[in-house]
Structure formats: C-alpha cells, structure tokens
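Reading through the structure tokens given below for one structure.
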Amino acid sequence: MGLPTEPVTLSVEQIEELNRRVSALRHDVNNNLTLIIAALELIRHKPELAERMIPTVTEQPMKISQALNAFSAEFENLFGITRDK
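Mapping of the sequence shown onto the numbering used here: position 3 corresponds to residue 3, and the numbering continues sequentially without gaps.
Shown next as structure tokens:
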C-alpha cells in the first residue's frame, strides 16, 4: 500500500467533509444492521414470515460492504493512499 511520503494537512472544510462522510457511513451501517435485527426478530416471533424476510437479511451485508468500500476509496483518495496491485 502506497502511503504519502510527506505530512498531509487538511483544511477545516476537508475535516468537516470527512466528518460528514464518517457520520453518513455510520448511519448507513447502523440502518443496515437494524434491518437485519428487525427481520430476524420478526422471523423469531412469526416463522411464517421467514420467506419474505430472508431477502432483506441477505441484502444487508453487501450493502454494508459497498458503503465501506466507497468510503475507503474516498478516504484513500483524500490522503493520497494507493493500493498495490
């Protein structure tokens, strides 16, 4: 992984934007986890809903992964981090 060779300085605006994106990521991941928990609770109490709820549960990990990957790409771009291929 290629890291910057010099110190990285962020402006107040860049820090605000990074904070906004971290907050949005946290919010999105929490929403996905809440959907998983809610669906599993429904299935526990009403097993007949399993067929309807399983797609909701199985979609959430991919959504979390996509959100993390998008954030990581933006973070790496901001700090000049490159990935070895």
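Glycine included, every Cβ here is placed at the ideal spot set by N, Cα and C. Computed from a prediction, not measured in an experiment: that's the story for all the values here.
Test item: CB-CB of residue i and residue j under 8 Å
i	j	result
Ile36	Val57	yes
Leu3	Ile81	yes
Same chain, Cβ closer than 7 Å to residue i, neighbours up to 5 away in sequence not counted
i	result
Ile43	Leu49, Ala50, Met53
Close beta carbons around residue i, own chain, < 8 Å, minus the five adjacent residues each side
i	result
Val8	Phe79, Gly80
One or two residues paired with residue i in a DSSP bridge
i	result
Gly80	Beta-bridge pairing links Gly80 to no other residue.
### Task
Inspect the CB distances between the stretch 14-29 and the stretch 66-74 and report whether three or more fall short of 8 Å.
yes
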